[in-house]
Amino acid sequence: MNLLATTSTVAISFYALLSTVYRSMQVLYAMPTDVSSPSDVVAKSDGLPSVDVIVPCFNEDPRTLAACLKSIASQDYVGKLHVYVVDDGSANLDATAPVHESYADDPRFNFIVLGKNVGKRKAQIAAIRASSGDLVLNVDSDTIVAADVITKLAGKMQDPGVGAAMGQLTASNRSDTWLTRLIDMEYWLACNEERAAQARFGAVMCCCGPCAMYRRSALLLLLDQYETQFFRGKPSDFGEDRHLTILMLKAGFQTEYVPDAVAATVVPDRLGPYLRQQLRWARSTFRDTFLALRLLPELNRYLTLDVVGQNLGPLLLALSSLAALAQLAVTATVPWWTGLIIASMTLVRCTVAALRAREVRFLGFALHTFINIFLLLPVKAYALCTLSNSDWLSRKPANLPNGGKKQIVIRSASAEPNGTACSAVAGSIHRGDLSRGSSRLVTSDSVCRGE
Numbered sequence: 014m015n016l017l018a019t020t021s022t023v024a025i026s027f028y029a030l031l032s033t034v035y036r037s038m039q040v041l042y043a044m045p046t047d048v049s050s051p052s053d054v055v056a057k058s059d060g061l062p063s064v065d066v067i068v069p070c071f072n073e074d075p076r077t078l079a080a081c082l083k084s085i086a087s088q089d090y091v092g093k094l095h096v097y098v099v100d101d102g103s104a105n106l107d108a109t110a111p112v113h114e115s116y117a118d119d120p121r122f123n124f125i126v127l128g129k130n131v132g133k134r135k136a137q138i139a140a141i142r143a144s145s146g147d148l149v150l151n152v153d154s155d156t157i158v159a160a161d162v163i164t165k166l167a168g169k170m171q172d173p174g175v176g177a178a179m180g181q182l183t184a185s186n187r188s189d190t191w192l193t194r195l196i197d198m199e200y201w202l203a204c205n206e207e208r209a210a211q212a213r214f215g216a217v218m219c220c221c222g223p224c225a226m227y228r229r230s231a232l233l234l235l236l237d238q239y240e241t242q243f244f245r246g247k248p249s250d251f252g253e254d255r256h257l258t259i260l261m262l263k264a265g266f267q268t269e270y271v272p273d274a275v276a277a278t279v280v281p282d283r284l285g286p287y288l289r290q291q292l293r294w295a296r297s298t299f300r301d302t303f304l305a306l307r308l309l310p311e312l313n314r315y316l317t318l319d320v321v322g323q324n325l326g327p328l329l330l331a332l333s334s335l336a337a338l339a340q341l342a343v344t345a346t347v348p349w350w351t352g353l354i355i356a357s358m359t360l361v362r363c364t365v366a367a368l369r370a371r372e373v374r375f376l377g378f379a380l381h382t383f384i385n386i387f388l389l390l391p392v393k394a395y396a397l398c399t400l401s402n403s404d405w406l407s408r409k410p411a412n413l414p415n416g417g418k419k420q421i422v423i424r425s426a427s428a429e430p431n432g433t434a435c436s437a438v439a440g441s442i443h444r445g446d447l448s449r450g451s452s453r454l455v456t457s458d459s460v461c462r463g464e
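If you want the numbering used here, it's the 1-based position in the sequence shown plus 13.
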């Protein structure tokens, strides 16, 4: 056996051992337990916590935004609810104006229009500082939430030790292409295996951005750290969900997963946008993994295995795959052992997923193995080599109409509830009829900083 064959065989054998132990324990811990639903408690209790829903949006399709806001307006939560829609300097404000206007008479809805694009994280912070609810729910503008999502997430937050909780994500455009079908299955596995197992120990490592709830008292303690994240001396703006989750864990709060709080979000339907998204996520994961390492001694030992499995596993798989391809190219011999191990592990994982989800379609997730080896592993390697790059990749600055004419707006049913002022440098756009008939519309070039 030559060096290439030996390298491939050894690497894939270690990968198989690590992956088998890790995946087996993950599936075991991800199994649901017979615990009464916390949503039942919140539905029957008095003095429900007030909830602020924050929806940052940037150049969003009006139909998508309308569907998102409709799902929020239809929530069955009986407690106090306010919604803050933050337009992050979009160029298509005229197109989304009718969506805003349709909620002008709903006292729960407040709109903040930023005069320039400042990024999702700062757009969220603008609304956090302008609101006052006990709980804060972040919802992406391309996401539709089930009617009981707030009730169920708020039920989990009844435990004062819980700082954040996320719901289960699905792909709202699952049926569009083969890729969206694959991503939907990927989301199911990420939620109902990875997050569900982590939640057994109260330490979900990433409360995903499309639908995650936070305790305001905890959020305010961490807001400055959240806003001013740096990596190697440069501002780091993406990966806000993972970073905020790690900050919650560092502060001693639990982070949870609620599988029956379902949110459907739009996922990439083409490989180009999907790989750019994965590159951004990979950089974020690597950055915050370094931060999370300090937490591991305080957490259950399974979480250490989880971090090792998610980071060392792909490295071993990449090494084995490279050696196998080199063996095939140099010696013209087929790396049967490597291929057999990968095929066997793929079959087992897809079969287990199909049985757990009770859906035959998960057998088709075998296609993800090819995408993982030939596309995602190279993307992760590139991400590791370019960690200092903070380009969002999918966000482009809005070209504001009318030459960027100066004008201010702000909308708030409860103006500055925290007693803070939003410093506003006038800055954009004729808003047309956007402010007509509503005293709760605000546009601002700057993010509220409580100055």
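Where a beta carbon is used, it is the ideal one built from N, C-alpha and C, also for glycine. Only a predicted model underlies this, so the values are computations on that prediction, with no experimental measurement involved.
Query                                                                                                                                                                             : Result
Would you mind working out which of Asp74, Arg300, Pro120 sits nearest Cys398, comparing C-alpha positions?                                                                       : Arg300
Is it the case that the Cβ atoms of Ala337 and Pro327 are separated by a distance below 8 angstroms?                                                                              : no
So, is Arg76 buried or exposed, given that buried needs 16 or more other C-beta atoms within 10 angstroms?                                                                        : exposed
Excluding the 5 residues preceding and the 5 following Gln39 in the sequence, name in chain order all residues of the same chain whose CB lies nearer than 6 angstroms to its CB. : Glu206, Ala210
Which first and last residues belong to the alpha helix (DSSP H) in which Gly285 is found?                                                                                        : 284-305
In or out: Pro281 buried (at least 16 other Cβ within 10 Å) or exposed?                                                                                                           : buried
Is the distance from the Cβ of Val149 to the Cβ of Gly102 below 8 angstroms?                                                                                                      : no
Could you tell me whether the region 166-178 touches the region 221-238, where touching means 3 or more Cβ pairs closer than 8 angstroms?                                         : yes
Which residues does DSSP pair with Pro69 in a beta bridge?                                                                                                                        : Val99
Could you check where the alpha helix (DSSP H) with Val23 kicks off and where it finishes?                                                                                        : 16-43
I'd like to confirm the pairing. Which residues does DSSP put opposite Arg228 in its beta bridges?                                                                                : Leu148
Just mark Ser58 as buried or exposed, buried being the case when its beta carbon has 16 or more other beta carbons within 10 Å.                                                   : Annotation note: pLDDT 47 at Ser58 (below 50); position unreliable, no value reported.
State the DSSP-derived secondary structure class of Pro120, mapped to helix, strand or coil.                                                                                      : coil
Just the Cα atoms here: how many angstroms apart are Pro272 and Leu400?                                                                                                           : 32 angstroms
Please state if the CB of Tyr42 and the CB of Arg213 are separated by a distance shorter than 8 angstroms.                                                                        : yes
Give the single residue among Val365, Ala277, His381, Arg289 whose Cα lies nearest to the Cα of Ala160.                                                                           : Ala277
How far does the beta strand (DSSP E) with Met179 in it extend, from its first residue to its last?                                                                               : 175-184
Do Asn105 and Asn151 have their C-beta atoms within less than 8 angstroms of each other?                                                                                          : no
What residue range does the alpha helix (DSSP H) around Thr351 cover?                                                                                                             : 349-370
Just tell me which of Ala136, Glu311, Val98 has its CA closest to the CA of Pro120.                                                                                               : Val98
Would you decide whether Glu269 is buried or exposed? Buried here means 16 or more other CB atoms lie within 10 Å of its CB.                                                      : buried
Pop quiz: Met218 and Thr258 are said to be a contact at Cβ under 8 angstroms. What is the actual Cβ separation, rounded to whole angstroms?                                       : 6 angstroms
Can you have a look at Val279 and say buried or exposed, based on whether 16 or more other CB atoms are within 10 angstroms of its CB?                                            : buried
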